[in-house]
């Protein structure tokens, strides 16, 4: 733990996952980066969110079947790319059920080649979107014993609770395995790491955002599939491709 952090807590979740947390008095982004750099040595992954006591207590509201090491092992059996394809089909399937016939054109925006034709290679990155952590002041950092940040949704339940995600009848809601697969995919493709989780609010820090039009288009569509409410914050997939996908910090929100 870094010097200067206060109110250190140690707890364990209902699934047996050790937690620590502390209050960051200032410069939370720098502290997160330092803790993230030390993760490879300490095994403690940092996430800006609620304190360990709150998170551990909340974990008892969830079944042990969806949290802890065994839940993580099941989630890691899922192929991330295949799961993203499944989620895309589910979102499009729901859309075609809700808007049949003449409004099918809306879902052409999920074609990466069509979207890429509207983009140019990234030469200047847009500013990172720190929607929920841009303010100064105290933040709490939760430290989770995890090999990677993408494991956390399976290890610690309730940190990410997306509302109003709609899929087809055969996959109507996002699951723990979905979250792990999406973050795992983005970590390997773009160097994206969990940064902030607040239930329906989420931020990722990104070290290798996409550059080419096709890469950017694919990334934007993946984000749109995962969080359709980006429409309220950014606009259409082309807006996500121009304003968020190429940035080094991504924000998501479910209404």
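Residue numbers (UniProt numbering): 1 to 255.
We put the CB at the ideal spot given by N, CA and C, even for glycine.
- DSSP places residue 224 in the helix class (H, G or I) of the three-state scheme.
- Within the stretch 32-62, the runs of alpha helix (DSSP H) at least 4 residues long that lie entirely inside it are, in chain order, 52-59.
- When DSSP states are grouped into helix, strand and coil, residue 18 belongs to the strand group.
- Counting the other CB atoms within 10 Å of its CB gives residue 224 a total of 16 or more, which places it among the buried residues.
- For residue 201, the enclosing beta strand (DSSP E) starts and ends at 201-206.
- Counting the other CB atoms within 10 Å of its CB gives residue 134 a total below 16, which places it among the exposed residues.
- The stretch 120-128 makes no contact with the stretch 25-44; the number of CB pairs closer than 8 Å stays below 3.
- Annotation: residue 171 is outside any beta strand (DSSP E) and is labelled neither H nor E by DSSP.
- If you draw a straight line from the Cα of residue 195 to the Cα of residue 14, it comes to about 23 Å.
- Within the same chain, 237, 240, 241 and 245 come within 6 Å of residue 220 by CB-CB distance, once the 5 residues on both sides are set aside.
- Per DSSP, the unbroken beta strand (DSSP E) holding residue 197 starts and ends at 192-197.
- Every unbroken stretch of the alpha helix (DSSP H) spanning 4 or more residues and falling wholly within the stretch 68-152 is given here in chain order: 69-76, 80-98 and 112-116.
- Proximity of the stretch 67-78 to the stretch 172-188 meets the contact definition, three or more beta-carbon pairs being nearer than 8 Å.
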